[in-house]
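Below you'll find the structure, written out as structure tokens, and then a few comments.
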Amino acid sequence: MSDARQPASRATEQDAAQRATSLIHQGWRQLARLAPAAPACWLASPGQPLRPLSRAELMARVDAWHQWLDNLPAAHDGRRPGARWVLFQPTALGACVQLLALWERGMLAVLPGDDRPETLARLAESSDGQLPETSATGWPPEQPGAASSVAAPNTPFEITPDGARLALELCTSGSTGEPLRFAKRFDQLEAELAVHRTLWPLASDTDSASEPSTGAVSLSQVSHQHIYGLLVSLLRPLSEGVPFLSEACHYPEQLAAAIAQLSGLGHCCQLVSSPAQLARLPQVSDESRVAGQAQDQAQVLRVFSSGAPLPAEAARHAENCLQAPVIEIYGSTETGGIARRRQHETPHWTPLPEVEILFSPAFAVRSPFLEQPDQWWQQADNAAPLPAEPPSQGEQQAAPRFQLLGRSDRLVKLAGKRVSLSAVERCLSAQAEVLEVRCLPMPTRDHRLGTVVVMDESALPQDHASRRDLIARLRRALIPGFERIALPRYWRFVTRLPLNAQGKFTADSVARLFADLDDHRLPRWLGETSSGPQQLTLEAEVPDSLCYLEGHFAAQPLVPGVVMLKWARDLGRRLRLAGVGVQESRFQRLERIKFSNLLLPGMRFTLAATLVADSHGLRVDFRLESRAGLHASGRLRYGAETDGTPLSSPLSSPQTTPTPEAS
Numbered sequence: 000m001s002d003a004r005q006p007a008s009r010a011t012e013q014d015a016a017q018r019a020t021s022l023i024h025q026g027w028r029q030l031a032r033l034a035p036a037a038p039a040c041w042l043a044s045p046g047q048p049l050r051p052l053s054r055a056e057l058m059a060r061v062d063a064w065h066q067w068l069d070n071l072p073a074a075h076d077g078r079r080p081g082a083r084w085v086l087f088q089p090t091a092l093g094a095c096v097q098l099l100a101l102w103e104r105g106m107l108a109v110l111p112g113d114d115r116p117e118t119l120a121r122l123a124e125s126s127d128g129q130l131p132e133t134s135a136t137g138w139p140p141e142q143p144g145a146a147s148s149v150a151a152p153n154t155p156f157e158i159t160p161d162g163a164r165l166a167l168e169l170c171t172s173g174s175t176g177e178p179l180r181f182a183k184r185f186d187q188l189e190a191e192l193a194v195h196r197t198l199w200p201l202a203s204d205t206d207s208a209s210e211p212s213t214g215a216v217s218l219s220q221v222s223h224q225h226i227y228g229l230l231v232s233l234l235r236p237l238s239e240g241v242p243f244l245s246e247a248c249h250y251p252e253q254l255a256a257a258i259a260q261l262s263g264l265g266h267c268c269q270l271v272s273s274p275a276q277l278a279r280l281p282q283v284s285d286e287s288r289v290a291g292q293a294q295d296q297a298q299v300l301r302v303f304s305s306g307a308p309l310p311a312e313a314a315r316h317a318e319n320c321l322q323a324p325v326i327e328i329y330g331s332t333e334t335g336g337i338a339r340r341r342q343h344e345t346p347h348w349t350p351l352p353e354v355e356i357l358f359s360p361a362f363a364v365r366s367p368f369l370e371q372p373d374q375w376w377q378q379a380d381n382a383a384p385l386p387a388e389p390p391s392q393g394e395q396q397a398a399p400r401f402q403l404l405g406r407s408d409r410l411v412k413l414a415g416k417r418v419s420l421s422a423v424e425r426c427l428s429a430q431a432e433v434l435e436v437r438c439l440p441m442p443t444r445d446h447r448l449g450t451v452v453v454m455d456e457s458a459l460p461q462d463h464a465s466r467r468d469l470i471a472r473l474r475r476a477l478i479p480g481f482e483r484i485a486l487p488r489y490w491r492f493v494t495r496l497p498l499n500a501q502g503k504f505t506a507d508s509v510a511r512l513f514a515d516l517d518d519h520r521l522p523r524w525l526g527e528t529s530s531g532p533q534q535l536t537l538e539a540e541v542p543d544s545l546c547y548l549e550g551h552f553a554a555q556p557l558v559p560g561v562v563m564l565k566w567a568r569d570l571g572r573r574l575r576l577a578g579v580g581v582q583e584s585r586f587q588r589l590e591r592i593k594f595s596n597l598l599l600p601g602m603r604f605t606l607a608a609t610l611v612a613d614s615h616g617l618r619v620d621f622r623l624e625s626r627a628g629l630h631a632s633g634r635l636r637y638g639a640e641t642d643g644t645p646l647s648s649p650l651s652s653p654q655t656t657p658t659p660e661a662s
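Counting from 1, position 333 in the sequence shown corresponds to residue 332 in numbering that gives the first Met the number 0; the numbering is continuous, with no gaps.
Here's what the structure looks like:
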């Protein structure tokens, strides 16, 4: 008889374990019943040691939010199952207790990506309300903070488990720049959590929910308002009974202190981070790593990074600093996780289990994490497959690896944050003096944004002060609707976009507009016009970072006259007359040179050059002028014979250290 019961007993235990880790079956309640005193969260308070918050105490806070919802007016739409509540909380604990209360009542959480007034106002229009901010320890605003004062919610909530029910909506930007919402069902979240549990276990086989061991604690450096942070740093530890830190460790010092304290209590940590955060880890010696070996036991179990590809050097440094494998997850709000890699082993990506990859005719994915799991979702990125490696003996065929080749739409990732270039452009174009805008990431400048703004000539800044004022006004227009990382760092103001013959704004034009960032000998190129191959007019500015300003002079930096001659020579070398240019001749002398006004940093100027043939050979006539008047003019004489020193001699580049550009 006992033999007959044994399989049923094992099945019952397995079912109980599955339900205890299930979001659909409210596994957090089952875990709290099994071990109410086990830590659910570690509370972080400034200047105070971490202290545990038990599962029972966490549930008391959830019940307090039930009471808060019960106390709404009877006619309030937010009381009914299916209500939509905007949820933005600065702490993981606050988001956790509110999210669980909504789910237990059959409600939907709408998670904005930021708390800017424009974002929240837009979402409030189609929601039943916005939940207020919790206290630092997770209570509703009017709660005194004592668990004993919290009664059970008035209404018993028996929501039928249904994986197809919507759990939440995450807000992001679409390829057109219009804000979009992406709904996630419980079964989508469950499917991805199951993959994480398989690939990266948080607990050992001997751990159990009823008798928890001193194991892992989940630390985070990313926002729980986005799918990656929510899933990996909050829902996963919550569903497995693993404690999490109540708030993010935004700074390396916070992270080091939390790791050290938890390690001293016998815990190891799983860190959920991002490229922007990992890049800020201190450059330390082996003896003073953020996390190292303590009593032959690793302080950090593993590190996750997502949001953007992690540079190879940053990945290497993070592994050395934290003494743990750094696992990158590639995915998006729309798709969930797609692939993984550890650069210590390979620079290429491997699809997650259950994820199918298609490379032709376009890069697409199909997975149970998608809203429509049987359909292909085309990615905004470009990717290329790699030859499949032969399977080892006894192994199945390995999943196809691939490499990413960059984005193909108008969305970019800056420091792990998704930024819609179209949205930034629309906001700037709405300003009175702006006619047209193009935004682009700057690959050599930490991927900060560069912006080309088209304006009427009368509105263009002409000097340092007016340029600074204009930039400040445009940035102020962006601040209400965009995070700081989305504010352009590098600005170019032009009367027209530099388009090619096909009307395209090309990479060559972009390179010329921002070339002065990397070559501090150049003026800031803003465009040029020509009436023929023998004539060219350059429009430019004097960058603050121009290396020739050094030593000319301390009281008032100015562009030396010899540098203006150099710029005139460089422009003249591009001119042709009847197919012939000055490159075929030798420089002879300077003629009729005049320096009339000082050319100062920040000044906008034009440099016009014309190639002329006369009885003495070829000459380049030039004029450099601005709103302040004429700065320099003269001729550069070329001929078959030279009777002077080449102009290149006095104009050779000085050996100076470039200074950072002032935006």
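All C-beta atoms, glycine included, are put in the ideal place defined by N, C-alpha and C. Please read all numbers here as calculations on a predicted model, not as lab measurements.
- Between the region 121-137 and the region 80-100 there are three or more C-beta pairs closer than 8 Å, enough to call the two in contact.
- Looking at the DSSP output, LEU410 sits in a beta bridge with SER419.
- One thing to note: ARG365 has its Cβ within 8 Å of the Cβ of TRP376.
- In the DSSP assignment, GLN587 falls within the beta strand (DSSP E) that extends over 585-594.
- Cβ atoms of LEU244 and VAL216 come within 8 Å of each other, at about 7 Å.
- Check the Cα spacing between LYS593 and each of GLY560, CYS40, LEU92, LEU498: the tightest is with GLY560.
- With a cutoff of 8 Å on beta-carbon distance, ALA567 and VAL611 are scored as not near each other.
- Closest in alpha carbon position to ALA431, among ARG472, ARG466, GLN461, is ARG472.
- Annotation: ASN70 is outside any alpha helix (DSSP H) and is labelled neither H nor E by DSSP.
- Contact between LEU169 and THR332 holds: CB atoms are separated by about 5 Å, below the 8 Å threshold.
- In the displayed model, GLY550 falls within coil according to three-state DSSP, outside both helix and strand.
- For the set LEU521, GLY571, GLY550, the Cα lying nearest the Cα of GLN533 is the one of GLY571.
- By the criterion of at least three beta-carbon pairs nearer than 8 Å, the region 328-346 is not in contact with the region 439-458.
- Per the Cβ contact rule, the region 539-556 is in contact with the region 596-607 (3 or more Cβ pairs under 8 Å).
- In the DSSP assignment, MET454 forms a beta bridge with VAL433.
- Residue pairing by DSSP places PHE604 opposite ALA539 in a beta bridge.
- Three or more Cβ pairs closer than 8 Å define a contact, and the region 244-257 falls short of that threshold against the region 107-118.
- With fewer than 16 other Cβ atoms from the protein chains shown falling within 10 Å of its own Cβ, GLU590 counts as exposed.
- In this structure SER125 is exposed. Its beta-carbon is surrounded by fewer than 16 other beta-carbon atoms within 10 angstroms.
- Relative to GLY162, the option among GLY480, GLU56, SER21 whose CA is nearest is SER21.
- Remark: C-beta atoms of LEU233 and HIS223 approach each other more closely than 8 Å.
- SER219 is classed as buried because its beta carbon has at least 16 other beta carbons within 10 Å across all chains shown.
- A contact between stretches requires three or more CB pairs, one per stretch, nearer than 8 Å, and the region 478-493 meets this requirement with the region 410-418.
- The three-state secondary structure of CYS248, taken from DSSP, is coil.
- Shortest Cα-Cα distance from GLN378 to any of ARG339, ARG400, PHE492, GLY335 involves GLY335.
- In this chain, the beta strand (DSSP E) harbouring GLY526 covers 523-531.
- The three-state reading of DSSP puts TRP348 in strand, counting E and B together.
- Here the C-alpha atom of ALA55 lies approximately 21 Å from the C-alpha atom of HIS266.
- For HIS630, the enclosing beta strand (DSSP E) covers residues 628-638.
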